[in-house]
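Note that the numbering used here has the sequence shown beginning at 1046, numbered continuously upward.
Shown next, in structure tokens, is the structure this report addresses.
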Amino acid sequence: MSDWHTVPVAADDFEALLALRIAAMQPSLEAIGRFDARRARDRLAASFAPQHSRWIVQHGKRIGWYALHTAADHLYLHHLYLAPAHSGHGIGSALLRQLQQQAAAQGLPIRLGALKHSAANLFYQRHGFVLLQADDWDNHYQWSAP
């Protein structure tokens, strides 16, 4: 999948990032009775760090975004969203493989959280992420280089 690339996110991209996040997450959140547009805005605002975020662009169109933070002993994939029309076509997998290569080169694992009952859980498990713990709403995973 080489017909996509990533570009930096700007601070004034917040509304566009939020809209894409809601489009990607709303079906999973509605399925468990937890969708709330105000909570979605507040949660993203609390963690928004444009310097750690990148748009996923295909054919000149922003189709997704991710945020990868570096901690002392791991990388944390705080967000990874694709617009629903672009999900399931291999772009997320290709991006995740790139991030795994980056983590391996740095000698760091990748950690992340995924909403329980979301298809994202199977996606991350297929890519070698192992469940570390679960809380009321999320599963927390880690991937380490072999």
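We put the beta carbon where it would ideally sit given N, CA and C, even for glycine.
Self-check item: Proximity below 8 Å, CB of Gln-1145 to CB of Ile-1136
Solution: Taking the sequence shown and counting its residues from 1, one reaches residue 1145 at position 100. Taking the sequence shown and counting its residues from 1, one reaches residue 1136 at position 91. No, the pair does not count as a contact, with Cβ atoms beyond the cut-off.
Practice problem: Let me know the secondary structure DSSP gives Ala-1117 once reduced to three states. | Solution: As a first step, residue 1117 must be located in the sequence shown, where it is residue number 72. Residue state, collapsed to three classes: coil.
Practice problem: Taking only the alpha-carbon atoms, compute the straight-line gap between Val-1054 and Arg-1099 and give it to the nearest angstrom. | Solution: For this step, residue 1054 is matched to residue 9 along the sequence shown. For this step, residue 1099 is matched to residue 54 along the sequence shown. Rounded to the nearest whole angstrom, the CA to CA distance from Val-1054 to Arg-1099 is 5 Å.
Self-check item: Assigned exposure category for His-1124 - 16 Cβ within 10 Å defines buried
Solution: In the sequence shown, the residue the question calls residue 1124 occupies position 79. So His-1124 counts as buried.
Practice problem: Name the two residues that bound the continuous beta strand (DSSP E) containing Leu-1160. | Solution: Position 115 of the sequence shown, counted from the start, is the residue given in the question as residue 1160. 1155-1160 is the span of the beta strand (DSSP E), which, as asked, contains Leu-1160.
Quiz prompt | Nearest-angstrom beta carbon gap, Ala-1128 and Ala-1068 [assumed within contact, 8 Å] | solution = Within the sequence shown, residue 1068 is the residue found at index 23, counting from 1. Within the sequence shown, residue 1128 is the residue found at index 83, counting from 1. Contact holds; Cβ gap of about 6 Å.
Quiz item: DSSP puts Asp-1183 in a beta bridge; with which residues?
Solution: Taking the sequence shown and counting its residues from 1, one reaches residue 1183 at position 138. Looking at the DSSP assignment, Asp-1183 forms a beta bridge with Leu-1160.
Quiz item: Out of curiosity, what's the CA-to-CA distance linking His-1119 and Asp-1057?
Solution: The residue labelled residue 1119 in the question sits at position 74 within the sequence shown. The residue labelled residue 1057 in the question sits at position 12 within the sequence shown. Going by the C-alpha atoms only, they are around 28 Å apart.
Self-check item: Where Gly-1133 sits in the DSSP three-state scheme
Solution: Walking along the sequence shown from the start, residue 1133 turns up at place 88. Three-state result, Gly-1133: coil.
Quiz item: How many whole angstroms separate the CB atoms of Ala-1179 and His-1172, which I take to be in contact at a CB cut-off of 8 Å?
Solution: Here residue 1179 corresponds to residue number 134 of the sequence shown, with the count starting at 1. Here residue 1172 corresponds to residue number 127 of the sequence shown, with the count starting at 1. Going by Cβ atoms, the distance from Ala-1179 to His-1172 rounds to 18 Å, so no, they are not a contact pair.
Quiz item: Which term fits Gly-1152, buried or exposed, when burial requires 16 or more other beta carbons within 10 angstroms of its beta carbon?
Solution: By 1-based counting over the sequence shown, the position of residue 1152 is 107. The residue in question, Gly-1152, is exposed, as its Cβ has fewer than 16 Cβ neighbours within 10 Å.
Quiz item: So what does DSSP say about Pro-1053, is it helix, strand or coil?
Solution: Counting from one through the sequence shown, the residue named residue 1053 turns up at place 8. Correct three-state label for Pro-1053: strand.
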